[in-house]
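Note that the working numbering has the sequence shown beginning at 11, numbered continuously upward.
Below: the structure, in structure tokens.
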Amino acid sequence: MSDPLIECVPNFSEGRDPEIVEAIVAAMAVDGVSLLDFSRDPD
Numbered sequence: 011m012s013d014p015l016i017e018c019v020p021n022f023s024e025g026r027d028p029e030i031v032e033a034i035v036a037a038m039a040v041d042g043v044s045l046l047d048f049s050r051d052p053d
């Protein structure tokens, strides 16, 4: 049996500030968690 997959699609209104987006991504860097993708939009 493979590991379970839980999809989470948070929406933060900080797309104009790359430092904030990078901090959010870094906060998810924990053992057992894989970030599959992220994107940011200025609007």
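Note that beta-carbon positions come from the ideal geometry of N, C-alpha and C, so glycine has one too.
Quick caveat: nothing in here was measured; it's all calculated off a predicted structure.
Query, Result
"Beta-carbon proximity list for residue 31, same chain, < 8 Å, skipping 5 on both sides", "22, 24, 25, 48, 50"
"Residue 33, DSSP secondary structure in three states", "helix"
"Length of the line joining the Cα atoms of residue 34 and residue 52", "16 Å"
"Spatial distance of residue 43 from residue 16 (CA atoms)", "10 Å"
"8 Å contact criterion, which residue 38 and residue 46 should meet: CB distance rounded", "No, residue 38 and residue 46 are not in contact; Cβ-Cβ is about 11 Å, not under 8 Å."
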